[in-house]
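When we follow my numbering, the leftmost residue of the first sequence carries the number -4, and every step to the right adds one. Virtual Cβ for every residue (Gly too), placed ideally from N, Cα, C. In what follows, a structure is listed as structure tokens, so that the remarks can point back to it.
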Amino acid sequence: MKRILNGLKREYPTAKCELAYRTPFELLVATILSAQCTDVRVNLVTPALFGRFPTAHDLASADPREVEELIRSTGFFRNKTRNLIGMARALVEDHDGEVPSEMEALRVLPGVGRKTANVVLGNAFGKNEGITVDTHVARLSGLLGLTTHNTPDKIEQDLMRLVPRADWTLVSHLLIWHGRRVCIARRPRCAHCVLRTICPSAFSAAPRTAARHR
DNA sequence: ATCCCGAGGG
DNA sequence: CCCTCTGGAT
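What follows is the structure in structure tokens.
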């Protein structure tokens, strides 16, 4: 695991959050939108969304139909709209319209789960509350020791035990970047992967289909 | 047909 | 643990 992380660090020295945002509020909204949707598509809709609803106060009084139209292409748009407006109202009522920097306060907001809270705490507030790993990690399962009995939750716990707390947010981004750029679903670029020599699922020749790990 | 930086509910 | 919610890219 140590060797894997060192390899990834060398490959992505500037890994960071790829969601576009300027304020904690914008990051919170963008992260909620990123559920089952790529960061690229989120970044396509957020400029118009943030232009129309720059703060929690603006979103709290928004017309749901207008929000739905703006975020439709990110999928799950009815759930997301309900959560976004409910979240904005909670921010206005309980936090003067600001995004709280505490895990417990974030988690009770509508639509904010463990992963969303971690992204906001790590990237907007510089806190390392935990390592959250995305669905890409299933493709690194062979490397990370992910099995039926060794779930993503277990992997995250192992990573937190191995990595200094100061690097938790960085490690989340390293794994995400690798998933986005190299270990791509159904078309992994194994020939360009720094983990090629130690990955049990890697193709030695140019791959045509994705590696299956389970 | 399968996947995407998920959350909420049963 | 399971299921549902959604559109777009590949």
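Residue 20 (DSSP reduced to helix, strand or coil): The sequence position of residue 20 within the first sequence is 25, counting from 1. Here residue 20 carries a helix assignment [DSSP, helix/strand/coil].
C-beta contact flag for residue 194 and residue 135 at 9 Å: Here residue 194 corresponds to residue number 199 of the first sequence, with the count starting at 1. Here residue 135 corresponds to residue number 140 of the first sequence, with the count starting at 1. Cβ distance < 9 Å, so residue 194 and residue 135 count as in contact.
Element boundaries [alpha helix (DSSP H), containing residue 101]: By 1-based counting over the first sequence, the position of residue 101 is 106. If you look at residue 101, you'll find it in the alpha helix (DSSP H) that goes 98 to 102.
Test item: CB-CB of residue 41 and residue 14 under 9 Å: Translated into positions along the first sequence, residue 41 becomes position 46. Translated into positions along the first sequence, residue 14 becomes position 19. Yes, Cβ-Cβ distance for residue 41 and residue 14 is below 9 Å.
Integer Cβ distance of residue 75 from residue 23, believed to fall under 8 Å: Within the first sequence, numbered from 1, the residue matching residue 75 stands at position 80. Within the first sequence, numbered from 1, the residue matching residue 23 stands at position 28. With a contact defined as Cβ atoms closer than 8 Å, residue 75 and residue 23 miss out at about 12 Å.
Contained beta strand (DSSP E) runs [length at least 3] in the segment 117 to 199, N- to C-terminal order: Whole beta strand (DSSP E) segments, 3+ residues: zero.
The segment 116 to 130 touching the segment 161 to 179, judged by at least three CB pairs closer than 8 Å: Contact holds: three or more Cβ-Cβ distances are below 8 Å.
DSSP three-state assignment for residue 106, whether helix, strand or coil: Here the question's residue 106 lines up with position 111 in the first sequence. Correct three-state label for residue 106: coil.
Proximity winner among 131, 94, 130, 132, relative to residue 115 (alpha-carbon distances): As a first step, residue 115 must be located in the first sequence, where it is residue number 120. Selected option, being the one with the closest Cα: 94.
Nearest neighbour of residue 7, chosen from 188, 91, 20 [CA to CA]: As a working mapping, residue 7 is identified with position 12 in the first sequence. Measuring from the Cα of residue 7, the nearest candidate turns out to be 188.
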